[in-house]
Amino acid sequence: MRFLPALTRVAALGAAAVLAATALTACGANSGATSEAANPYGLLQAGVLRAGTLTDAPPNVYLKDGKFTGFDNDLLSAVAAKVGLKVEFVGTDFSALLSQVNNHKFDVGSSSITITEARKKTVDFGNGYDFGYFGLDVPAGSSITSFDQLAGKRVVVVQGTVQDDYATRENLNPVRVPDYNGAINQLKAGTADAWIAPAEIGDKSAADSNGKIKVAAKQLSPAPTAYAFAKGNDKLREALNKGLDEVIADGTWSKLQAQYYPGRPIPADFKPGSGAVAVPSPSAAS
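For the sequence shown, our numbering begins at 1 and goes up steadily by one.
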């Protein structure tokens, strides 16, 4: 009989341990639920969309007075605001951008990224928000006037871009550089015969070259551009797709088109976003 108090104490301690474990489990479950509610899109920092972008590709993506801007980045800021997110832009090289997005260094990639089947193996894409042209920039005085004159020429491209894909597919044996400044410098120095560029970037580079570079030709790119997401990050991708449709409907997309690409014709068959919302003209949106 004298062992009963000891046994009672052991039983009580055991019950307390079970209750404590149950409480900890419950707390853990609640913590997980709270965490998911505070950060439903699985962002690197709750409430902040960390975007990988470039610093040297105006008018699409670039730095101005220390601030990331350009059509793509201004549009992303407007889209993110519809979802209640702020954007933190970080500069990187295009050749590394997609792998950095899929490895969760960035929540999203913003850099006029053309959708291709090869790139779909690395990242998921949102709905297309822009179209693009290839531009052919050459040194002033060059006799090159079209893309079909590039065989045997020293053609420079930015590594990993859709222009790189085009030059490789056309067997041009391109010279690859890490960024747009590298391509521009090769043209100015006369170490390249031509640069295949995004047309808007090529236009701006030629205009800023003090007559050293000219635009020889343009042709429509075969696919739209879109923001890139890590594989399987469907909640974030779908949320920003919805936000994109909202900024198309409220006229923001049209205003930014007019601001950054004045006079650029929009192909008749191009429908930004889901294609389910009407696109107001810049004048109607103002």
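Ideal Cβ positions, reconstructed from N, Cα and C, are used throughout, including at glycine.
Check your understanding: Between the region 65-74 and the region 115-127, do at least 3 Cβ pairs fall closer than 8 Å?
Key -> Contact fails: fewer than three Cβ-Cβ distances are below 8 Å.
Point to revise | Residue from N39, N73, A46 with nearest C-alpha to A228 | key: As a working note, residue 228 is residue 228 in the sequence shown. With distances taken between Cα atoms, A228 lies closest to N73.
Exercise for review: Give me whichever residues DSSP pairs with I213 in a beta bridge.
Suggested key: By one-based count along the sequence shown, residue 213 stands at place 213. According to DSSP, I213 bridges with P139.
Check your understanding: Between K242, A167, N181, which lies nearest to S221 when the distance is taken from Cα to Cα?
Key -> Residue numbering aside, residue 221 sits at position 221 when the sequence shown is read from its first letter. Nearest option by C-alpha distance: A167.
Exercise for review: Tell me whether Q159 sits in a helix, a strand or coil according to DSSP, three-state version.
Suggested key: Stepping through the sequence shown from its first residue, residue 159 is reached at position 159. Here Q159 sits in coil by DSSP.
Exercise for review: Report the rounded CA-to-CA distance for T92 versus F134, giving the unit in angstroms.
Suggested key: Numbered from its first residue, the sequence shown carries residue 92 at position 92. Numbered from its first residue, the sequence shown carries residue 134 at position 134. Those two C-alpha atoms are separated by around 22 Å.
Review point. What's the call for Q257, buried or exposed, on a 16-neighbour Cβ count within 10 Å?
Key: Stepping through the sequence shown from its first residue, residue 257 is reached at position 257. Counting Cβ neighbours within 10 Å, Q257 comes out buried, since at least 16 surround it.
Point to revise | Span of the alpha helix (DSSP H) around V192 | key: The residue you call residue 192 lines up with position 192 of the sequence shown. This sequence places Ala at residue 192; Val is not what is there. Neither: A192 is in no alpha helix (DSSP H) and is coded neither H nor E.
Check your understanding: For the alpha helix (DSSP H) that V277 lies in, which residues bound it at each end?
Key -> Position 277 of the sequence shown holds residue 277. Looking at the DSSP string, V277 is not in any alpha helix (DSSP H), and its letter there is neither H nor E.
Point to revise | Inter-residue Cα distance where the pair is D107 and E117 | key: Residue numbering aside, residue 107 sits at position 107 when the sequence shown is read from its first letter. Residue numbering aside, residue 117 sits at position 117 when the sequence shown is read from its first letter. Separation of D107 and E117 (C-alpha to C-alpha, rounded to the nearest whole angstrom) is 21 Å.
Check your understanding: Tell me which same chain residues have a C-beta within less than 6 Å of the C-beta of K188, skipping the five on either side of it?
Key -> Counted from its first residue, the sequence shown places residue 188 at position 188. Excluding positions up to five away in sequence, the list reads K212.
Practice item. Pull up the CB-CB distance for A192 and S146, whole angstroms please, since I reckon it's below 8 Å. Key: On the sequence shown, residue 192 is found 192 positions in, with the first residue counted as 1. On the sequence shown, residue 146 is found 146 positions in, with the first residue counted as 1. Not a contact, Cβ separation roughly 17 Å.
Check your understanding: Under a three-way DSSP split, which group does R264 fall into?
Key -> Walking along the sequence shown from the start, residue 264 turns up at place 264. Reduced to three states, the DSSP call for R264 is coil.
Point to revise | For V175, three-class secondary structure by DSSP | key: Counting from one through the sequence shown, the residue named residue 175 turns up at place 175. Correct three-state label for V175: strand.
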